[in-house]
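These protein sequence lines are chains A, B, C and D, in that order.
Going by our numbering, the first sequence opens with residue 1, and the numbers climb by one from there.
Going by our numbering, the second sequence opens with residue 388, and the numbers climb by one from there.
Going by our numbering, the third sequence opens with residue 775, and the numbers climb by one from there.
Going by our numbering, the fourth sequence opens with residue 1162, and the numbers climb by one from there.
Beta carbons: idealized from backbone N, C-alpha and C, even for Gly.
Protein chains: 4
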Amino acid sequence: MAEVKRRLRMGMVGGGQGAFIGGVHRIAARIDDEVELIAGCFSRDPANSAKTGAELRLDPDRVYDTYGEMAKREAERSLGDRIDFVSIVTPNSSHAAVATAFLEAGVHVVCDKPMTFSVGEAEELVKLVEKTGLVFVLSHNYTGNAVVREARERFQKGEMGQLRKVLVEYVQDFLAYPHEKEGMKQAVWRVDPKQAGLGGALGDVGTHSANLLEYVTCERITELCADTSTFLPDRTLDEDANILIRLSGGGKGVISVSQIATGEENALRLRAYAADGAVVWDQENPNYLGYYRFDKPRQTITRAAKYMSKSSGAVTRVPTGHPEGYLEAFATIYRDTVSLIRSHTDGNPVPPRDYLVPSVYDGLRGMQFVTAAVESAAKGSVWVKLP
Amino acid sequence: MAEVKRRLRMGMVGGGQGAFIGGVHRIAARIDDEVELIAGCFSRDPANSAKTGAELRLDPDRVYDTYGEMAKREAERSLGDRIDFVSIVTPNSSHAAVATAFLEAGVHVVCDKPMTFSVGEAEELVKLVEKTGLVFVLSHNYTGNAVVREARERFQKGEMGQLRKVLVEYVQDFLAYPHEKEGMKQAVWRVDPKQAGLGGALGDVGTHSANLLEYVTCERITELCADTSTFLPDRTLDEDANILIRLSGGGKGVISVSQIATGEENALRLRAYAADGAVVWDQENPNYLGYYRFDKPRQTITRAAKYMSKSSGAVTRVPTGHPEGYLEAFATIYRDTVSLIRSHTDGNPVPPRDYLVPSVYDGLRGMQFVTAAVESAAKGSVWVKLP
Amino acid sequence: MAEVKRRLRMGMVGGGQGAFIGGVHRIAARIDDEVELIAGCFSRDPANSAKTGAELRLDPDRVYDTYGEMAKREAERSLGDRIDFVSIVTPNSSHAAVATAFLEAGVHVVCDKPMTFSVGEAEELVKLVEKTGLVFVLSHNYTGNAVVREARERFQKGEMGQLRKVLVEYVQDFLAYPHEKEGMKQAVWRVDPKQAGLGGALGDVGTHSANLLEYVTCERITELCADTSTFLPDRTLDEDANILIRLSGGGKGVISVSQIATGEENALRLRAYAADGAVVWDQENPNYLGYYRFDKPRQTITRAAKYMSKSSGAVTRVPTGHPEGYLEAFATIYRDTVSLIRSHTDGNPVPPRDYLVPSVYDGLRGMQFVTAAVESAAKGSVWVKLP
Amino acid sequence: MAEVKRRLRMGMVGGGQGAFIGGVHRIAARIDDEVELIAGCFSRDPANSAKTGAELRLDPDRVYDTYGEMAKREAERSLGDRIDFVSIVTPNSSHAAVATAFLEAGVHVVCDKPMTFSVGEAEELVKLVEKTGLVFVLSHNYTGNAVVREARERFQKGEMGQLRKVLVEYVQDFLAYPHEKEGMKQAVWRVDPKQAGLGGALGDVGTHSANLLEYVTCERITELCADTSTFLPDRTLDEDANILIRLSGGGKGVISVSQIATGEENALRLRAYAADGAVVWDQENPNYLGYYRFDKPRQTITRAAKYMSKSSGAVTRVPTGHPEGYLEAFATIYRDTVSLIRSHTDGNPVPPRDYLVPSVYDGLRGMQFVTAAVESAAKGSVWVKLP
């Protein structure tokens, strides 16, 4: 019988009352029962943090007023007591500082996307992760979807032929209404350049789009030309962007993102057309992958089907036809993180380039993407090269 | 600030290695973080039970060789220590005995469906639940889906007009292959009348179908005529059934179930046509409800949309467009169970007829449905009345 | 260069002003440019007939007051002038009489469905067709759909294995409103037993369902048990029926039809599950055929794709992705009729059992189906055998 | 009783053996029975033309060796005998010359798209149409779809609010295989710049995309930035293009076209998001229009439903649920052309700007679009303004 390992101890920064993504991370971390939340600093407002900690039934000693204090005091605890990793779910502007504090304290990190406020911060973070050798996972949750991984495998294995065209869209109407004027927390920081960073929709859903594209096709965006828009009064960040892209293998494509696309909910859709086949995926019906071959009947590949590849099949929890959704894909990010941390603890750390989940390098890519898109738009929608 | 209540302590009977539904119940119970699993008897095989308990990181003292011992010894513990409820996930044949043992020990029960092996057992269980006044919830998980509840509300509120036609189907191909001959545990007991009971597909997916129909439409099946089939060699239980039904309000319909419908995965679909409107739901894409009105554009109602009714909207966890699936609906069964047990503890027990989740009475209905269908088929597919 | 043959000359009985299906037949006959309409008796009302004839730009000499006169006078014309075939699009009650008149006059027949008013009439018609050897085609138009034919080929070729379960539904809400009370012609005769016959929805859409089932699966319905309903006031014919069926090869199934299924338009859907594969077709999105194999990715077969079988591929007019619809399938009935008549003229008549389109025998099957269903329902929904 | 008018007499240039679109035009012209084909010059090869004419059962006197001869000789015939209009279905390079010949001969024109070989030719054609006052209709067939017209009405009526984002795609895989190397006629001319013009996919499907966008939204593309690709060996024209667009009302969008998108058939899809609502249409399932309002259930608008606007409802032939497809939308182009010609004949010509079908001005727009896109791409994908 295989040794049963203890659950990993998680801390959280952000995710207090009125937040959205913190609660998602907590459920996701819980689903596979390999993680327990034991500490947190849930808000810049200590009262909110304390209240959230109480609601989460945490020991008040492990609920902190500042993340700095949390990093320091957790690090002072014994190995058998301190948190194994921290989950960072604050607005974008503080990701880098929080991550830095914990990495320097020797704590592994799961960080929400986009990774940082700027490319400069991202580059610093890359260096720090490289220096510490700690696990750093970026929660582009869609990479945890089983059929997304199946699509990636098909490209990795080389069965698709040259990639020619990619269409990615991520359209919502979350910001078609001025929620920020009524104080909705999730809107307030997203439309505030001081908290969100250079990009609005670009940072929030654009980074998911670019990440999914590179994740599935195993190619890189080399160049882009972005046209961004802002429609609602008093907003300055982009609400919408249409972006031409060129890819490392000679293919081309489009990324179109929006948070003002009336009637759209959370429509992340990827289509990748290669010489010999194509894949089609829609996050809103995420258990199915369209798989096309030239002049053959179209196929629908179903999550948890027996014919799936081994690694994709491994990340499902319930049988085919029993839909998994957003939370389950997110849970896979945590499951994989646990596995990476355990390997690290066992003395066999996995190089970040080999992660099945996004690493600090993907976070840097995301910031480069946003920065290039913003630069392109600022210059009148001209072509800008990515590093 | 509202008082934060402790998590409820759950025990489990069944769900050892090789089982399927036990793991599902454990995840579902965990998702909303109101339940902790602390005890169990996971298999009739003590070694399997012990191993499962260890994997689940349970205190070995709380892992039992028999459910009887578990009921007895848990009941002997102090109120602050013993399990609050037990989750029963064994094959059908033992549900009644296990439930009885725990109810008699004063422990609330969540029981997998179908509720019992026979109508007689179900009737005894009804009496026992009535006598003890304890919470008994039957895990017809689809009733936990938010848009299913929305559909039910539309019928409850009377906005649909007279129900005229209902088409329910639950078709799978799980048993189109003789998995039991290769020892797959989930198949072995399902095709064994001694463990599964009178019905094969009827018990396994037929009871879900009948329950969903009655749950959504708020009507009762009064009469049925069933034609059942068994195709694979050496099987005796029905693999497939087509059933004409008549409803309490004068409407009619069909329930068609199968576990040999090649290419189908877990296709539970409900369509209910009333005089003024209709609802359409498909479990495999469960975040959407088709809603029709005569001579108007068809509507699609989306889980977590703002226009949903209050009670349906309350059972979602993530925003619209972020798909919830099978596990989340299941988690709602546990969330509601926790709420029912807390009300009971607080001295305000909810009458089972008012549960939003299936109660012991729904379990009895299920057994009456299976029994009537089997009787109908045995007599040459004649009409049989339900109580 | 192949000889170019003249267009066939068509006459029409029925299809005057206020009718629906007559206009459909005229377009369908025209699409492939092998037919010209030159004569007609379009209504029992001579003024309507004359007016319709004028609108259709017919020679008034070829527009008749009665079908009897038409049959007689057309037969008196020279071979190079008279109609080659007649298209009968009257209410059901007169099909047999009209068909008889023309067959006896030596004129080939296309007849709308259901074929006759009664089984007796149908049997007489079979005899007459056998005796005259003339072409008689029944316009179950859905058999003209290319992917329906592809599905049939898969069964004919034996690649599906034993047929186990069939689900056919044909649901509409056309009669959910009492249109007949406002004089709508198509509703008036459909709810009148003197014109429609024994069956309401059974005759109108039930015969299509039974025909499609037998056409695709190459099996016969041997037995049925029908439960019919009538909901709107002052109606006597069935508006809705749910029917258990048993098939010649040991499979079972359901046919469910309705004309009061609120929100449904013209939803004819077939699913046929066999041991090795399954087919799924939906008339409302008719260019696609779902094709399943056990434990393989689902396939979607597209009209006009290169991988289609030769005979199915032959009945499409525009490339894949350019949707054909209701009229094009209907046109194929006429195209095939033209071909059958030409073979007859050339002295190589095709035996009706070999038609790719429904023949007089299928018409008889339809009447047997309706009659058995009505008998079953009248006796309290008992099992009735089909001949 | 309204006067019954004679069928219009049509001539055709192009559409000989091996062609595709000519046959489509012939069926489309026939469907509503208001047109008869009586003359043609079907190929630059007189033998092909003669053979095609014979197959179409035309009087050999009306089958011509050259279109010039046809225009001349038809014009010499009496008004009661000569063709009323000509349908031009040749490769793009000859559209202008052929149209000019017939317009100068006083013959109305239906012309396949794209309208001409160059903007210069298009401008000349505009002048000629203006000078002659004759009817000139460009066969962007998708504008004949009923729900496309419904979408347009919603924009025209102003119920959508400011248009913010448009996503149009038209993706095929028709040229993912080098058919031209095997002599397939439709491929040969499409990849030959001398016959197709400046644009490959841009001309063939790009013009449809731009036209549909402007048609539905009632706005104009003011500026674009195009990135084009050619992947297969020995080809020079674009096979694929991704184009950023800006619109007259301040909205932005993307047009993405491809003829090498493996697995796609004829996927023209339009999504237009405005401040108060959005429309979604997919040519491959063309009987449905998605209609969204902010924070309301999504609606599906169905062709031929009673709630459609009057003008959209008028262009359907069969009831809702009976799918119309590609040919029926195309037939509406002809139906509307007939109506325009009749108005012209009656002395009440409709100004081209008021056509419901595309006019010569739309043809000019198409050429401006292709030319701007090609210029943009040639300059490294920079922004180019449209006139």
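Here V476 (chain B) is actually not in contact with L751 (chain B); their C-beta atoms are around 20 Å apart, not less than 8 Å. In this chain, V166 (chain A) is not harboured by any alpha helix (DSSP H); it is covered by the beta strand (DSSP E) spanning 163-171. Judged by their CB atoms, M934 (chain C) and R928 (chain C) are nearer to each other than the 8 Å cut-off. When C-beta atoms of the stretch 682-699 of chain B are compared with those of the stretch 295-311 of chain A, fewer than three pairs fall below 8 Å, so the two segments do not count as touching. Neighbourhood of A828 (chain C) in chain D, by CB distance below 7 Å: V1165, in chain order. Under a 10 Å Cβ-count criterion, D204 (chain A) is classified as buried, with 16 or more other Cβ atoms of the shown protein chains found around its own Cβ. The residues V787, C815, V872, A875, in chain order, have a CB closer than 7 Å to that of Y841 (chain C) in the same chain once the five nearest residues on each side in sequence are set aside.
For K1471 (chain D), no Cβ of chain B is located within less than 8 Å of the residue's own Cβ.
Scanning the stretch 439-480 of chain B from its first residue to its last, the whole alpha helix (DSSP H) runs of 4-plus residues come out as 454-463. Here T1397 (chain D) is exposed, its C-beta having fewer than 16 other C-beta atoms within 10 Å. Against chain D, the beta carbon of L1044 (chain C) has no neighbour under 8 Å; the closest one sits roughly 16 Å away.
A straight line joining the alpha-carbon of P738 (chain B) with that of P447 (chain B) spans about 36 Å. When beta bridges are read from the DSSP output, V1031 (chain C) appears opposite C:Y944, C:A1015. For the 8 Å CB-CB criterion, A1490 (chain D) and N1302 (chain D) form a contact. By the neighbour-count definition (other C-beta atoms within 10 Å, threshold 16), Q162 (chain A) is an exposed residue. A Cβ of chain B is located within less than 8 Å of the beta carbon of G1027 (chain C).
Cβ neighbours of A1232 (chain D) within its own chain (closer than 6 Å, five residues either side excluded): A1262, F1263, A1266.
From the beta-carbon of V1352 (chain D), no residue of chain C is found nearer than 7 Å; the closest lies around 17 Å away. Secondary structure of M547 (chain B) (DSSP, three-state): coil. Chain D has a Cβ within less than 8 Å of the Cβ of H1096 (chain C). For T917 (chain C), no chain D residue has a Cβ inside 7 Å of its Cβ, as the nearest lies near 15 Å away. Closer than 8 Å to the CB of Q1073 (chain C) there is not a single CB belonging to chain D. Under the Cβ distance rule, K296 (chain A) counts among the residues neighbouring chain C, one pair being separated by less than 8 Å. By the neighbour-count criterion, in which 16 or more other beta carbons inside 10 Å mark a residue as buried, G277 (chain A) falls on the buried side. With respect to chain A, the C-beta atom of R417 (chain B) has a partner C-beta closer than 8 Å. Residues of the stretch 943-964 of chain C that bring their beta carbon within less than 9 Å of a beta carbon in chain B comprise E943, V945, D947, A950, Y951, in sequence order.
Between V761 (chain B) and L589 (chain B), the C-beta spacing is below 8 Å. Residue contact check for G277 (chain A) against chain D: a CB pair falls below 8 Å. R246 (chain A) is positioned such that its CB atom lies no closer than 8 Å to that of E169 (chain A).
Residue pairing by DSSP places G1064 (chain C) opposite C:V1054, C:T1074 in a beta bridge. For S1003 (chain C), the enclosing beta strand (DSSP E) starts and ends at 995-1003. Taking C-beta atoms under 8 Å as the contact rule, P888 (chain C) and G1140 (chain C) qualify, at a distance of about 5 Å. A1088 (chain C) sits in coil when the DSSP states are folded into three classes, being neither helix nor strand. With a threshold of 8 Å between beta carbons, Y307 (chain A) makes contact with chain C. Two segments are said to touch when three or more pairs of C-beta atoms, one from each, lie closer than 8 Å; by this definition the stretch 902-912 of chain C does not touch the stretch 990-999 of chain C. Contact annotation: F1246 (chain D) and I1502 (chain D) have beta-carbon atoms nearer than 8 Å.
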